[in-house]
Amino acid sequence: MNQLAGAPEESKALRLARYLKEFVGLRSSTVYDINKYESVLWFSEMPQEPECQSPAWNHGFELGDPWLEVRKQQFPKPPVPPAIAWPWIDTTAINRAEGPMPKLREITLEPDLEVEVSDGEAPPVVERHIEEYPEIIEAYERYRPSWDAWVAEYQRRVRIQSIYAELFRLHTQVQKQGEIVELVLGIGLVSWRSPNKVKAATILRHVLVAKVDLHFDAATGVIRVDCSSDGAQLKVEDAMLEPELRPDRSHYAAISD
Numbered sequence: 006m007n008q009l010a011g012a013p014e015e016s017k018a019l020r021l022a023r024y025l026k027e028f029v030g031l032r033s034s035t036v037y038d039i040n041k042y043e044s045v046l047w048f049s050e051m052p053q054e055p056e057c058q059s060p061a062w063n064h065g066f067e068l069g070d071p072w073l074e075v076r077k078q079q080f081p082k083p084p085v086p087p088a089i090a091w092p093w094i095d096t097t098a099i100n101r102a103e104g105p106m107p108k109l110r111e112i113t114l115e116p117d118l119e120v121e122v123s124d125g126e127a128p129p130v131v132e133r134h135i136e137e138y139p140e141i142i143e144a145y146e147r148y149r150p151s152w153d154a155w156v157a158e159y160q161r162r163v164r165i166q167s168i169y170a171e172l173f174r175l176h177t178q179v180q181k182q183g184e185i186v187e188l189v190l191g192i193g194l195v196s197w198r199s200p201n202k203v204k205a206a207t208i209l210r211h212v213l214v215a216k217v218d219l220h221f222d223a224a225t226g227v228i229r230v231d232c233s234s235d236g237a238q239l240k241v242e243d244a245m246l247e248p249e250l251r252p253d254r255s256h257y258a259a260i261s262d
C-alpha cells in the first residue's frame with residue numbers, strides 16, 4: 006500500500022521538476038548554434054604537435070592524464086643574412102615569418118668612394134644593379150634554406166600559441182566570472198533542421214557535454230584541460246530542442262545507464 010501510495014507522488018515530483026526546468030528555459034535565450042557562443046575551440050583544428058597533446062588524437066591516454074595540454078611557445082629569431090647582401094635586403098620583410106623569402110632589391114644607391122672630393126664634401130651617389138653582382142645573388146640563395154626552415158618553425162609555433170592564448174584568455178575569464186561562465190567539452194555534434202514551423206531553427210549543438218577545468222602553471226608555462234574536480238558529469242544536451250521534439254524520457258534513462 007505504501008509503495009502504491011508513494012508512486013504517484015514521485016511521478017508528480019518528476020513532472021514538476023521538468024516543468025520548472027522548461028519554464029526557466031522559456032525565460033532564457035536558447036542557443037541553437039554553437040557558433041553563437043563566445044568562444045569555441047575545435048580539437049580537429051588544433052595542431053598535433055609535441056607541445057599540444059590530447060588523447061583526441063593520441064591513443065596513449067591513461068587515467069589521470071589531461072584531456073588537453075598546451076605549452077607556451079618561445080619564438081626563434083630569424084637567421085642572420087650574409088653580410089655581403091645587407092645593402093640589397095629589405096630588413097623589415099626579411100624579419101617577418103611569411104613566405105616566400107623577399108627578393109633582393111634590384112637597385113641600390115651607394116656613395117662612389119672612387120671619386121676624389123674636397124674636405125667636407127660628400128661623395129656622389131652611384132646606382133648599382135643587382136645583376137652586376139652574381140656573388141651576392143649566390144650568397145643569398147645559400148641563405149634561403151635556413152630562412153625557409155625558420156619560417157616553417159615559426160609558423161608551427163604560431164599555431165600552437167594561438168591555442169595557448171585562447172585557453173589563457175578563457176582561464177582568466179573563468180577566474181573572474183566563474184559563477185556565470187561555464188566551460189564544457191562537447192561530444193557528438195548534431196546538425197539538424199527543426200520541423201517546428203513556428204520556431205524553425207537550424208540546430209548545431211553537441212549532444213553530450215562534460216564539465217572541465219582549466220589549470221595554468223605559470224612556472225612551466227603549461228595550460229591543461231582536465232576533467233572537472235567535481236567529475237565530468239556527462240549529460241545529454243536537449244535545451245536546443247522544443248519540449249515536444251525531445252525524445253521519450255525512457256531514452257534518457259537508457260543513456261544514463
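Quick note on this note's numbering: the sequence shown kicks off at 6 and runs consecutively.
C-beta: ideal position from N, C-alpha, C; glycine also.
All of these numbers come straight from a predicted model, not from anything done at the bench.
Contact between the region 66-83 and the region 166-175 is present: 3 or more CB-CB pairs across the two stretches fall below 8 Å. If you keep only unbroken beta strand (DSSP E) runs of at least 3 residues inside the region 171-222, you get 189-198, 207-222. Excluding five sequence positions before and after A237, the CB atoms of its chain that fall closer than 7 Å to its own CB belong to A215, K216, given in chain order. For a cut-off of 8 Å, the C-beta gap from L188 to V179 is around 6 Å, short enough to register as a contact. Here D231 is actually not in contact with P60; their C-beta atoms are around 12 Å apart, not less than 8 Å. Each residue's CA atom was taken as its position, placing R251 and A259 some 15 Å apart.
Taking C-beta atoms as the reference points, P81 and W152 fail to come closer than 8 Å. Looking at the DSSP output, E54 sits in a beta bridge with C57. With contacts defined as CB atoms closer than 8 Å, V130 and L114 qualify as a contacting pair.
Secondary structure of V230 (DSSP, three-state): strand. Measuring C-alpha to C-alpha distances from I228 to each of T207, E171, V195 identifies E171 as the nearest. Residue pairing of H134 in beta bridges, as defined by DSSP: I112. Boundaries of the alpha helix (DSSP H) around R254: 254-261. Secondary structure note for E247: it is in no beta strand (DSSP E), with a DSSP letter that is neither H nor E. Inter-residue distance for T207 and R174 is about 29 Å (C-alpha atoms, whole angstroms).
Non-local C-beta neighbours of I89 in its own chain, meaning closer than 6 Å and more than five positions away in sequence, comprise I141, A144, ordered along the chain. The beta carbons of R133 and I112 sit closer together than 8 Å. In the DSSP annotation of this structure, the continuous segment of the beta strand (DSSP E) that includes R76 starts and ends at 73-76. Cβ-Cβ distances below 7 Å link F66 to P60 in the same chain, with the five nearest sequence neighbours on each side left out; the list follows chain order.
In the three-state reduction of the DSSP assignment, K41 falls in the helix class, which pools H, G and I. In this structure D38 is in contact with L209, their Cβ atoms being roughly 5 Å apart against a cut-off of 8 Å. In terms of Cβ geometry, G183 and L213 do not form a close pair [threshold 8 Å].
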